[in-house]
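Taking it in order: structure first as structure tokens, then the write-up.
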Amino acid sequence: MAKTLVLGLFHEASPTADTLDQLRGLGIADDEITVLSSIPYRAEILGRPRPKGRVGTYAGAGAILGLATGLFLSVGIFLLYPIEQGGQPIVPIPPTLIILFEVTMLGTMWAAFLGLLRANRFPITKSQLYDPRITEGHLGVLVEVGDAHADQVESILRTNGAHHLKRAEAATPPDFRHRAFWATIIGAVVVGAILVTLVAYNVIDLSFPTNMADQASIASQQGPRLAAPAQAVPIQGPVSIDDQPATEPLASTPDSIARGKTLFDIHCALCHGQDAKGDGKLSGFFNPKPKDLTSAAVQELSDQEIYMVITNGFGPMPSLAENLSRTERWDVINYIRTLKGK
Amino acid sequence: MAEFPNRKWTMVVDLDKCTGCNACVVACHAENNVPIQTEQESTRGRAMHWIRVERYWEGEYPNIKARFMPVMCQQCGRAPCEPVCPVYATNHSERENLNLQVYNRCVGTRYCQNNDPYKVRFFNFFDPEFAGTLKEQLNPDVTVRSAGVMEKCTFCVQRIRRGEEQALVENRPLRDGDVVPACVQACPSSALVFGDLNDPNAQATKLVRENQRKFRLLEELGTEPQVYYLKGGQSNVGG
Amino acid sequence: MSEAKPAGKRDRAVWRRPMPQDEDLAHQIEHEREQHLLLDPRYPLNIDQDVLDPMYRLTKRFWVMFVILFGLVAMAGTTWLVQMWWGLGITGLDRPVMWAIYIVDFVYFIGIGHAGTFISAALRVLKIEWRRPISRAAELVTVFGLITAAMFPLIHIGRPWKFYWLLPYPNERQIWPSYHSPLLWDMTAIMTYLSCSILFAWISIIPDLAMARDHTQGWRHTFYEMLAFGWRGTETEWANHETALNIFSYGIIPVMFSVHTIVSWDFAMALQPAWHSTIFGPYFVIGALFSGVGAVIIALALIRKFMHLDYFLRQEHFDGMAKFLLLLSLAWDYFYFNDVIVPWYGQDPVEKTILAILTGGTMAPLFYLMLFSNVLLPATLFLKRVRNSIPAVIVVAIFVNIGMYIERYLIIPVSLGQNWLPFDWGYYVLHLPETLITLGAFGFIFFAFLAVSRLFPLIPVWEVYEGQVLQGLRRIGRALVPTRSEPD
């Protein structure tokens, strides 16, 4: 049977109460009548049954959840991360009590709020029969009754002085907006929690420079180091300084060249080849390939530049500073100079 | 994982030998990358000296006496600075009886400094600047701290580590004198002595054991400091 | 089925009751109506309009205030960014005064946040009826005060971009924050208090949002419609609403006490002389209520004047708040005396030095101003003549706030300058960044209030109307006496 909603407004409480009595006499059940008001009226004023509140249960559940969370945050964290601080026990009692209290209250009140939303089915998105005059201090009596009895109800309301009567269909279309709202909220919270966890566990790598990752101090084997200003430190013998040419080359004597050839065969030939053509046994592993030392490109480099390449390395070529002493490096350079055009 | 034995690192400061020369202060700056503050900052009290020579004037002219004593982090057994740190940036090493400061965990609430009765903790108000060639002098074993981080004397924990590891590699126990903090190393009058109180033969242990001259700073606060001061009779040198 | 009875005289809606014929009684009713809001009922639509109309008023004065306050906030924000870039060295902090104005501001604004909850929750529990029109403004003072306060821990730490390490979240490194530290108890307590205050204010505003929804059009109507959640005022809705408000009222009072106690433990847990005192817990709570009630008085005075709410906020409310302020002043006197006499009597040299600085040294002018503002001036509230004058009450409230700010300043940076080893004594000098950020914080709280005053009804109309329905005048002998029936 189709149902109709009838709404009538009253100024005062007594005629409202009388109307409710008469409607009850008509056989309408208490839960088919709703009283709308702008202030809370005690149930006894209008002769209504007291509504059962469920918010308290939610709050109780929230308290338990809060207590559990508080236990985790205090005792749990102390045990998960047992680090001694100031001679206090790993699980100190007074801070634990403080945290338990705070988080339990937090849980209780949040649960009371969410319980209120749930108990009142907030937010109500379906269309409801209502009159804005309710918030102007009027009392509204809303009755859900079969179509046949709607007129009877209306007459009772009018007899008792109701004004601004309204009627509407009691059909309830599916209320997906309400579900969509909560789905969005819960979804956002869950997605947020997942995202935060992913970032916290470095699955999503948000590496940004932190202050002390790059240190100004220079460890051994680490560079670059500042060079002393020119002429600041007296030097003897060949020496290499950043951005400064290698000084004091060795004279290109036959002895030096002979030594240089021996050293070349030992240290350089594997990559640059026996004939320094860049075709050594290991040359296939490098990209770009070891240079052809007889080529014009290499021979046109100054002695100092070749010296720096041997000392610092060049691209895939490693530094041979530890393999060749300074004088040995000049021997090798002298030998390479003899390879020009070969 | 190598297991190192328990240590009770202790510093003994003989105030009768201390001349107040501040060599320990300079050595500490050099070893631990402690920035040197400008004159303006120092007058505001922001000078950062992990070990400082506290100086008090006593008496009226012409009978003035200078009383001084070197004060560094006392590495308290029940350190008041530790439980107040909200991020565990300062905590206790039970094995070594040291108070540890973790620079990269510090968020800079500065509660530890408020709760520290000896005021041996220092805050980096600005990014420390090591101009030009001073960078070359920085010790790579010690973090160079950035702005917003608290720091303090660590009993040269980097040297302690190196000493322990060296002893482990050489398969021998750690000897007294293997670990020498920078201040102890620099002191010209050997007023500073460092050692492991668990080692009965260490020089520090012998100095502390049944010594009538010994006292600890602000002991009545219950902090259980690991620094013993020795002071005998009245003398103007060392106060 | 009983016969329908016409509504009798006694049943008439409060705003429809006629005046009696007897002149004497009529006079009495007029007098009570003038004095008491809850005995002066009007047609609720008029009440609604009185609350909603000021929200539309965007005068030139409003925009000038808006721009000035926004400017203050923007200046504070810029200063903070500059401070983050250069480091905390640009402030006046030094060794040993590591906590200064930012922490003073923090404690001050949390203190302001206390009175609101006390008025809306504790007075509700105690069924004190004159709290009805003021509870919303008080709750808003709480919420904005707490939000402002919550920014200061971020402003004052050395590496604010790492603030999230103070939150307990599981992470790859399995590092957790330390609940040994009072700062984390702070964080938990303030998070609890702030979120629950917001929820409390939200719950109590829902019926008024429904009222606003019903009497506005356009974007406002849509805005209130969304926020009112479809409230109609059915019995179930009201019953659940009352239960939730009760749970919150009873729950948030112990939280309120715990929050400022925990804030005081930031200081009491330290070994610093003049801080390490067990009286700090209750002392700070009373101090917070004291400055908070002062702040609420100022807020009420401002909205009464600028939103023309004199129908709602009458002398009786300021009288009640003034009595409350007086009581709190006496309580504060008691606790402060306790805090001072113990170090004065004892022989601790550092505490004696600090007391000497306060009473006769560099801080003496501030100290005596504080005593004047907190002890002497509120004592004038004993006089009914002072209490009945709203401007006088406002002046006392302003001075109380000044006095309480000074009190926190004297506790925090001044005490920190003296400690166990005299070689390390220092003092604190206020610098520009702290001044700008403090001004910006005050600007923010006023700005937020200004913005909200045009968006949300500042008077809880449903509570006022409920009070008007339940209060009445009863004839005892020759006089008409106000009576109050107790709602459940």
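Chains as they are written, first to last, in this note's numbering: chain A, 2 to 343; chain B, 38 to 276; chain C, 25 to 512.
Beta carbons: idealized from backbone N, C-alpha and C, even for Gly.
- When C-beta distances to chain C are compared with 7 Å, the residues of the stretch 26-38 of chain A below that value are G26, T35, V36, L37 and S38, in chain order.
- Between G200 of chain B and V216 of chain B, the C-beta spacing is below 7 Å.
- R182 of chain B and Y265 of chain B have their alpha carbons spaced roughly 29 Å apart.
- Considering only beta carbons, the part of the stretch 271-298 of chain C lying closer than 8 Å to chain A consists of I271, F272, G275, I276, P278, V279, S282 and I286, in chain order.
- For a cut-off of 8 Å, the C-beta gap from P133 of chain A to D238 of chain C is around 3 Å, short enough to register as a contact.
- Residue state for H245 of chain C is assigned as helix, using DSSP reduced to three classes.
- Interface residue (Cβ-Cβ distance to chain B less than 7 Å): W444 of chain C is classified as such.
- Ranked by how close their Cα comes to the Cα of L21 of chain A, the residues A:S39, A:I40 and A:E45 have A:E45 in first place.
- R155 of chain C sits buried, since 16 or more C-beta atoms from the chains shown fall within 10 Å of its C-beta.
- Rounded to whole angstroms, R244 of chain C and F130 of chain C show a C-alpha spacing of 35 Å.
- Cβ contact annotation for N43 of chain B (same chain, cutoff 7 Å, sequence separation greater than five): R132 and N235, in chain order.
- Under the three-state reduction of DSSP, P373 of chain C is assigned to helix.
- Residue pairing of L37 of chain A in beta bridges, as defined by DSSP: A:G141 and C:T258.
- According to the DSSP assignment, R168 of chain A belongs to the beta strand (DSSP E) that extends over H164 to E170.
- Excluding residues up to 5 positions away in sequence, K102 lie with their Cβ nearer than 6 Å to the Cβ of G96 of chain B in the same chain.
- Within chain A, not a single residue places a beta-carbon under 7 Å from that of P210 of chain B; the smallest gap is close to 26 Å.
- Residues of the stretch 202-226 of chain C whose Cβ lies closer than 9 Å to any Cβ of chain A, in chain order: S202, Y203, H204, S205, P206, L208, W209, T212, A213, M215, T216, Y217, S219, C220, L223, F224 and W226.
- In the three-state reduction of the DSSP assignment, E91 of chain B falls in the strand class, which pools E and B.
- In terms of CA proximity to F123 of chain A, A:F114 leads the group A:F114, A:L166 and A:G314.
- Inter-residue distance for G135 of chain C and I125 of chain C is about 15 Å (C-alpha atoms, whole angstroms).
- Around the Cβ of Q275 of chain A, a 10 Å sphere holds fewer than 16 other Cβ atoms; the residue is exposed.
- For K156 of chain B, there is no enclosing alpha helix (DSSP H), as DSSP marks it with neither H nor E.
- Straight across, the Cα-Cα distance linking T404 of chain C with L497 of chain C is about 32 Å.
- When DSSP states are grouped into helix, strand and coil, Y266 of chain B belongs to the strand group.
- Interface flag for M235 of chain C against chain A is set, since a Cβ pair is found closer than 7 Å.
- Annotation for A236 of chain C: the continuous alpha helix (DSSP H) segment containing it runs P206 to D238.
- Using a CB distance below 9 Å, the part of the stretch 111-143 of chain C facing chain B consists of G111, L112, G113, I114, T115, G116, L117, D118, R119, P120, V121, M122 and W123, ordered along the chain.
- Restricting attention to alpha helix (DSSP H) runs no shorter than 4 residues, the stretch 40-122 of chain A encloses them at 44-47, 56-72, 78-81 and 94-120, ordered along the chain.
- Chain C has no Cβ within less than 7 Å of the Cβ of F286 of chain A.
- Contact with chain A is absent for A67 of chain B, since none of that chain's Cβ atoms lies less than 7 Å from the residue's Cβ.
- Nearest to P78 of chain C by C-alpha distance, out of C:L474, C:G491, C:E490 and C:R508, is C:L474.
- Only residues of its own chain outside the window of five on either side were considered, and among them P72 have a CB closer than 6 Å to the CB of P165 of chain B, listed in chain order.
- In this model, E173 of chain B and S320 of chain A are separated by some 22 Å (Cα to Cα).
- Among the CB atoms of chain C, none fall inside 7 Å of the CB of R246 of chain B.
- Chain A places a beta carbon closer than 7 Å to that of L175 of chain B, counting this residue as a contact.
- By the neighbour-count criterion, in which a residue is buried when 16 or more other Cβ atoms sit within 10 angstroms of its Cβ, E58 of chain C is exposed.
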